[in-house]
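Protein chains: 2
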Amino acid sequence: MNDEKLLGYKGKALQALEKAGAEIGDRLRISRDTQVYEGILIPRSDYADDRHVVIKMRSGYNIGVQINEATRIEKTGEGAKPSFQAPPLPKQREDLPRVAILSTGGTIASRVDYRTGGVRPALTASDLYSVVPELADLADIETEIVLSIFSENITTQNWTEIAKAVARHVENGKAGAVIPHGTDTLGYTAAALSFALQNLPVPVILVGSQRSADRPSSDAATNLLGAVNAAATAPFAGVFLAMHETVSDRAIVFHRGTKVRKCHTSRRDTFKSINTTPVARLEDDKFTVLAKDCEKRDSNRKLVLKPDFEEKVALIKFFPNFDSRVVEWYVNNGFKGIVVEGTGLGHVGKRLFPALREAIERDVLVAMTSQCIWGRLGMNVYDAGRDLLALGVLPLDDMLPETGLVKLMWVFGQTKKVDEAKRLLKTDIAHEFSPRTTYKEDS
Amino acid sequence: MNDEKLLGYKGKALQALEKAGAEIGDRLRISRDTQVYEGILIPRSDYADDRHVVIKMRSGYNIGVQINEATRIEKTGEGAKPSFQAPPLPKQREDLPRVAILSTGGTIASRVDYRTGGVRPALTASDLYSVVPELADLADIETEIVLSIFSENITTQNWTEIAKAVARHVENGKAGAVIPHGTDTLGYTAAALSFALQNLPVPVILVGSQRSADRPSSDAATNLLGAVNAAATAPFAGVFLAMHETVSDRAIVFHRGTKVRKCHTSRRDTFKSINTTPVARLEDDKFTVLAKDCEKRDSNRKLVLKPDFEEKVALIKFFPNFDSRVVEWYVNNGFKGIVVEGTGLGHVGKRLFPALREAIERDVLVAMTSQCIWGRLGMNVYDAGRDLLALGVLPLDDMLPETGLVKLMWVFGQTKKVDEAKRLLKTDIAHEFSPRTTYKEDS
């Protein structure tokens, strides 16, 4: 019974929908008690229960309505399923800079398919031009779908694939690359590419959006335009993440791939540069470079590709009563490195010291970051910090915990030797360490 | 050889110090290469190596100088060890409100002892008055040393001890209580007391400092005065955390115990209210209440003490390639609840779904929070969220991950039944859930 027409529905929910004669994509009015919900029926997943009917409301958000005896479902029509009519393809301007758009998935790369509720990549060049026709005035675009997954499923292996795809296009002479990517783990991927793509001649711009293109408040077009503009013409080179500077559409900022973090579940300016300023701002079609130590675009520079990552590296967030046997578990299961998200200036409770000592004695690299997020470690200030240094824990100064994790994964992709790994981890490779002077951090 | 005079030093470092005729507390000048360091010799810990000499510099910070052939140590004097002379005790004003100061340790509760380098509680009433004589004008103070530990070592058991001590003083008729506490885990303890001390008639104020009282930029006195002022006279009741509002000394703000987080390793305004505003501000001796839903001080209200916590609850921060066997480890080791710090609106990679499903089937309570920190979950928006809801993962809306952890520890201190635990976890007990209307969270 559970065919395409009511994909994923079972039990009570399926019965109620069948009774109403509803199919995926139909517009429904669901009444329960005094509440009425209206929207388009979307399919459910394999993990779904048998009690909820999910509709996409006009706001763009989905809601699950629980079905019981008192629920009434009424089919109010086929609904206005948006027809996606590609306008005539704009004339390709071969005089413009060549930019590669390498899609990986996520909200920005999607048109919501009302029929299936699924997210589908909209990334043939003609799809893109039809959604954001202004792109044709900025660059001669070549598109490639590298992945099509939600970013919470991205792995180290995917980072390698993306890095290799970017390298191909850069070596092929593109003026820059744009990588649409889900925002959930966009910061992690930005850090990964910062280490994997060294000595870049051009800008590589990761970009996401917090609202899909079908919602009135979508940031997808503005962010994409900003990213493509930067890839085509910005004066800087390296790996950056482009998103809204504030909740207004006025400016796009470019964050360093190693210093950026998602800091709000839903705001459009969710990404923040931590312990530094963004590298540049784009406003009224004009780039303002904010970071003095920013590498310049230079087509003579030769990209160095180092795309390998080791997955056996962990991030451990410390908390009161943290069970030190978790550290032992990682050591016993062949993990090569552990990045600790400690408290304050870089501390963990004494109860963890024996397990950390044992880890280090067994050649597991242990590094420290702070769950405060902002600020710099100071492991010489209190006893706990000095004791941890004495045990051999490496302080990562003002590096983000997430960047510390990604860097350690990358480090063990480059070497299996712990001493060399320690040296690499403490070497500034992609501005992951801020010099004390770049940012007023302490008052 | 390694006696009190050179406590903790061994090997090369010990030899060099003996050669210089130095003792703990002496002022030294250490030259190495072109660098010269000056400061007071402080002792080292059991975990210390044999290569570093640690001195406390004029700035108040400690530095470890590595000893090698080229290092020269010179004793430049006994140094100006501060003498701690208690001024005459001010007259106790029994007409003033009675306030309990229950010390637990940390920077704010300490005088640095230059002789041992250790942190010592300065919390007899006369100690306190001598450090901050203005306290005598605010309240009739009774002091009690509940703990004397650095806050990274605080455990659930300590939360219980602190809660019971506060309850004793509140039941004894105090106008309020002040709890000096290290800042590292101050946010966790603030959440713990918010759940353990319900229906409070008076304010209970946790307070910390980022700089010890011996440093010129110390925030200890200002924070302590603000906290005691609030305990004595503020119009609100409940558990709050008092710290600097900005880096200036102008105002102290009072954060809700359940909505506050340490957000900078060293700044004095490190604590921020997340997804809400502070409850009140104290400036020029005047309280301004900022939160409309704030409970009022009411001596007729009867405290309900629920001081028990279950330590077998974990916080798991998700990251790319997170090994799902860690979830299995927690389940197999008898953990009763897991709070996940997921990505974005409340997601984890699909690779974790089978382990989470298994955990839930085995009656482990699994709850979701976001590593974004700011914002609210939206687990109905994307497939991953809906799938996790279908598995039985409980969304904690806009609750902080740390508060989620502490609340789940508290919940399993109240009941062993999973269904009752779920109900309690989703019930707003101490403003840990913000209503959508209190804060402009989304744009």
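Here the protein sequences line up with chains G and V, keeping their order. The first sequence runs contiguously to residue 443 in my numbering. The second sequence runs contiguously to residue 443 in my numbering. Ideal Cβ placement from N, Cα and C applies to all residues, glycine included.
What first and last residue would you give for the alpha helix (DSSP H) that runs through residue i?
i	result
residue 325 of chain G	325-332
residue 262 of chain V	Run containing residue 262 of chain V: none in the alpha helix (DSSP H); it sits in the beta strand (DSSP E), 260-262.
residue 379 of chain V	No alpha helix (DSSP H) holds residue 379 of chain V; DSSP gives it neither H nor E.
residue 223 of chain V	220-233
residue 8 of chain G	That residue, residue 8 of chain G, is in no alpha helix (DSSP H); it is neither H nor E in DSSP.
residue 203 of chain V	Careful: residue 203 of chain V lies outside any alpha helix (DSSP H), inside the beta strand (DSSP E) at 203-207.
residue 124 of chain G	Looking at the DSSP string, residue 124 of chain G is not in any alpha helix (DSSP H), and its letter there is neither H nor E.
Starting from residue i, find everything on chain G with Cβ-Cβ shorter than 9 Å and list it in chain order.
i	result
residue 413 of chain V	Going along chain G, no residue has its Cβ under 9 Å from residue 413 of chain V, so there is no contact; the nearest lies around 12 Å.
residue 297 of chain V	What residue 297 of chain V touches in chain G: nothing, since even the nearest Cβ is about 30 Å away.
Rounded to a whole number of angstroms, what is the C-alpha to C-alpha distance between residue i and residue j?
i	j	result
residue 240 of chain V	residue 180 of chain V	12 Å
residue 133 of chain V	residue 282 of chain V	19 Å
residue 381 of chain G	residue 138 of chain G	52 Å
residue 430 of chain G	residue 258 of chain G	7 Å
residue 56 of chain V	residue 151 of chain V	22 Å
residue 246 of chain V	residue 194 of chain G	34 Å
residue 84 of chain G	residue 212 of chain G	For residue 84 of chain G, the predicted model reports a pLDDT of 44, less than 50, meaning its position is unreliable; a value from the coordinates is still stated below. If you take the alpha carbons of residue 84 of chain G and residue 212 of chain G, they lie about 15 Å apart.
residue 148 of chain V	residue 206 of chain G	48 Å
residue 172 of chain V	residue 235 of chain V	19 Å
residue 450 of chain V	residue 395 of chain V	Residue numbering for chain V in the displayed model covers 1 to 443; residue 450 of chain V lies beyond these limits and cannot be assessed.
residue 249 of chain V	residue 271 of chain V	15 Å
residue 21 of chain V	residue 29 of chain V	13 Å
residue 73 of chain V	residue 108 of chain V	33 Å
residue 420 of chain V	residue 313 of chain V	16 Å
residue 275 of chain V	residue 375 of chain V	6 Å
Closer than 8 Å by beta-carbon distance: list the chain V residues that pair up with residue i, in chain order.
i	result
residue 315 of chain G	317, 319
residue 380 of chain G	54, 61, 62, 63, 64
residue 402 of chain G	319
residue 362 of chain G	Per Cβ cutoff of 8 Å: no residues; residue 362 of chain G is ~17 Å from chain V at best.
residue 376 of chain G	265, 266
residue 188 of chain G	319, 320
Applying the criterion that 16 or more other CB atoms from any shown protein chain within 10 Å of the CB defines a buried residue, is residue i buried or exposed?
i	result
residue 416 of chain V	exposed
residue 94 of chain G	exposed
residue 70 of chain V	exposed
residue 65 of chain G	buried
residue 35 of chain V	exposed
residue 379 of chain V	buried
residue 256 of chain G	buried
residue 226 of chain G	buried
residue 363 of chain V	exposed
residue 354 of chain V	exposed
residue 432 of chain V	buried
residue 203 of chain G	buried
residue 435 of chain V	exposed
residue 386 of chain G	buried
Just curious, the beta strand (DSSP E) that residue i is in, first and last residue?
i	result
residue 162 of chain V	Careful: residue 162 of chain V lies outside any beta strand (DSSP E), inside the alpha helix (DSSP H) at 156-171.
residue 32 of chain V	27-32
residue 140 of chain V	140-145
residue 177 of chain G	176-180
residue 356 of chain V	Unbroken run through residue 356 of chain V is the alpha helix (DSSP H), 353-361; no beta strand (DSSP E).
residue 254 of chain G	251-256
Just the chain V side, please: which residues come within less than 7 Å of residue i by C-beta, in chain order?
i	result
residue 405 of chain G	319
residue 436 of chain G	Near residue 436 of chain G there are no residues of chain V at all, since even the closest Cβ is about 12 Å away, more than 7 Å.
residue 373 of chain G	263
residue 76 of chain G	Within chain V, no residue comes near residue 76 of chain G; the closest Cβ sits about 21 Å away, beyond 7 Å.
Just the chain G side, please: which residues come within less than 7 Å of residue i by C-beta, in chain order?
i	result
residue 153 of chain V	349, 350
residue 370 of chain V	265
How would you list, in chain order, the residues of chain G whose beta-carbon sits under 8 Å from the beta-carbon of residue i?
i	result
residue 39 of chain V	The contacting residues do not exist; residue 39 of chain V stays about 12 Å from chain G at best.
residue 343 of chain V	151, 152, 184, 185, 262
What does residue i reach in chain V if we use C-beta pairs closer than 9 Å?
i	result
residue 285 of chain G	Here the premise fails: no neighbours, minimum Cβ distance about 24 Å.
At least 3 beta-carbon pairs within less than 8 Å: the stretch 262-269 of chain G vs the stretch 224-241 of chain G: Taking 8 Å as the limit for Cβ pairs, the verdict is that the stretch 224-241 of chain G does not touch the stretch 262-269 of chain G.
Flag this pair as touching only if the stretch 152-163 of chain G and the stretch 309-324 of chain G have three or more C-beta atom pairs under 8 Å; answer yes or no. Short answer: they touch.
Specify whether the stretch 318-334 of chain G and the stretch 401-418 of chain G touch according to this definition: at least 3 beta carbon pairs, one from each stretch, less than 8 Å apart. With the cut-off at 8 Å, the stretch 318-334 of chain G and the stretch 401-418 of chain G do not touch.
Between the stretch 11-22 of chain V and the stretch 38-58 of chain V, do at least 3 Cβ pairs fall closer than 8 Å? With the cut-off at 8 Å, the stretch 11-22 of chain V and the stretch 38-58 of chain V touch.
For the 8 Å Cβ check, are there 3 or more pairs between the stretch 194-206 of chain G and the stretch 297-305 of chain G? Contact between the stretch 194-206 of chain G and the stretch 297-305 of chain G is present, because at least three Cβ pairs lie under 8 Å.
Would you call the stretch 361-381 of chain G in contact with the stretch 339-346 of chain G, where contact means no fewer than 3 C-beta pairs closer than 8 Å? Three or more beta-carbon pairs drawn from the stretch 361-381 of chain G and the stretch 339-346 of chain G are found closer than 8 Å, and the two stretches are therefore classed as touching.
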